Each structure stands twice: as structure tokens, then as C-alpha cells.
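First up is the structure itself, then whatever we jot down about it.
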Amino acid sequence: KAGVTQTPRYLIKTRGQQVTLSCSPISGHRSVSWYQQTPGQGLQFLFEYFSETQRNKGNFPGRFSGRQFSNSRSEMNVSTLELGDSALYLCASSLGEGYNEQFFGPGTRLTVL
Amino acid sequence: AQKVTQAQTEISVVEKEDVTLDCVYETRDTTYYLFWYKQPPSGELVFLIRRNSFDEQNEISGRYSWNFQKSTSSFNFTITASQVVDSAVYFCALREVGGSEKLVFGKGTKLTVNP
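Those protein sequences? They're chains A and B, same order as listed.
Residues in the first sequence are numbered from 1 upward in steps of one, following this note's numbering.
Residues in the second sequence are numbered from 1 upward in steps of one, following this note's numbering.
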């Protein structure tokens, strides 16, 4: 079974630009969650999508948004990039029943210059 | 509010030593799940174990063992006879039951196993 895939793996952007990251979950998984990992704040929950609906959202500004498609693939978008948005963005998928483990993708390393 | 504390920021051991990684959590819920993940230098988080709040049995998987104590809100992880390949950052995480997959992570413990 293929694991969680994320594209692109590396991205360099400049302040003010916007970026879209993509995540393909494990086949059969309906939940996709996004996390931001930085050296200072650690791993922080961004949002979760389940069956195309946002089920939970972390404490991030509105510049961070996401969506999920009918095939469970998910995208997250960050508009008006700031230097502090430089981070590893991790996507995780699970069956979504509340007690399952999440499986993580390799992440997208975003650098904002 | 949910909180996970991993007080050990970095640990360094010599190969074949046993090492215990501490995890203390806070939650108001009576039903919750605890997880451990490993993050090698490649960056991908690797799932190690899930434990629900009603199951306090310790678990052993090869050289790995976990000690869950509800009375002290701790879920510690021990690696026996450590190996260089165990070098990674280890994260403890908490999920409250409530219709979401959200995980609250600790800050992680960086383990270095020296040959």
C-alpha cells in the first residue's frame, strides 16, 4: 500500500507570495490533517479535513487555508507569505474514526525569503 | 486544555545502553489516546504505538517498551540495548476523543546513540 505523498518536497518563495501544498493520503483514508513544524514552536496542528469538510482548525491566521477533494486528496494554501511561515509542513492521513493512528507524509520544506 | 510535556530535550547514550524517554500529559477528558512517533533525520514521522486511556497494560515490542501510568499522567518509552539506528527525535502526542484526529504533540526528545 502506498504511503502518504506530499508535493512538492521543497519550495522557496519570497515574502508576499502565496503557495499551495498538496497531500495524497493512503488509499481508503478519509481524514487528512496538516501540521506545521518549526524549531521554536514544534509541531502544531493546522487543520483537519474529513469527507471534504473541515472538521477542526488550529490557532493559525486566516492566511492559512485548505480543502479536500472527493478523492480525499488535500491541498493547503498560504497567502501573503511571511518569513515566519518558513517551516516543514506535514500532512497525515487516517481512517478518521477518532481512535486510529495517523500516518505522516515526508513533508514539504517551505523557505520564505 | 490539552498539553504534553517532554522534559528531556536531548539525550545522548552509548550503544547498548538502555534509555527511557519521559512523557507527561494533561487532559480533562477521561477518554483519550496517547501516541509515540519517531522522526529520523529524513523528517517523516513514523508511528510507533497507540494507547487508549482505558488500557494501562504495559506493552513490549522487541527492544521497545512503553509504561502507561494514569495515576501520574505519564506514558514513558524505553529502548533496551539502544542502537545507532535509534538516533532520532521522538514525539509523544495526545488525542482527546471528540470527532477529530487532532494530535497535540510534545516538543520532542532528540536521542543520539553513539557507537
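Glycine included, every Cβ here is placed at the ideal spot set by N, Cα and C.
The structure presented is a predicted model; accordingly, all values stated were derived computationally and were not measured.
Three or more beta-carbon pairs drawn from the stretch 30-46 of chain A and the stretch 99-112 of chain B are found closer than 8 angstroms, and the two stretches are therefore classed as touching. Pairwise C-beta distances place the stretch 100-110 of chain A out of contact with the stretch 8-16 of chain B, as fewer than three of them are shorter than 8 angstroms.
Burial state of residue 79 (chain B) is buried, judged by a 10 Å Cβ sphere holding 16 or more other Cβ atoms. Beta bridge pairing from DSSP links residue 23 (chain B) with no other residue. According to DSSP, residue pairing for residue 102 (chain B) in a beta bridge does not occur. The C-beta of residue 11 (chain A) comes no closer than 8 angstroms to any C-beta of chain B. With contacts defined as CB atoms closer than 8 angstroms, residue 86 (chain B) and residue 48 (chain B) fail to qualify as a contacting pair. Taking the Cβ atoms as the reference, residue 13 (chain A) lies roughly 5 angstroms from residue 81 (chain A), within the contact range of under 8 angstroms. For residue 30 (chain A), there are no neighbours in chain B by C-beta distance under 8 angstroms, as the nearest C-beta there is about 10 angstroms away. Counting along the chain, no beta strand (DSSP E) covers residue 26 (chain A), and no H or E run does either. Here residue 48 (chain B) carries a strand assignment [DSSP, helix/strand/coil].
For residue 77 (chain A), the uninterrupted beta strand (DSSP E) segment begins and ends at 74-78. Collapsing the DSSP output to three states places residue 16 (chain B) in coil. Listed along chain B are 44, each with a C-beta nearer than 8 angstroms to that of residue 105 (chain A).
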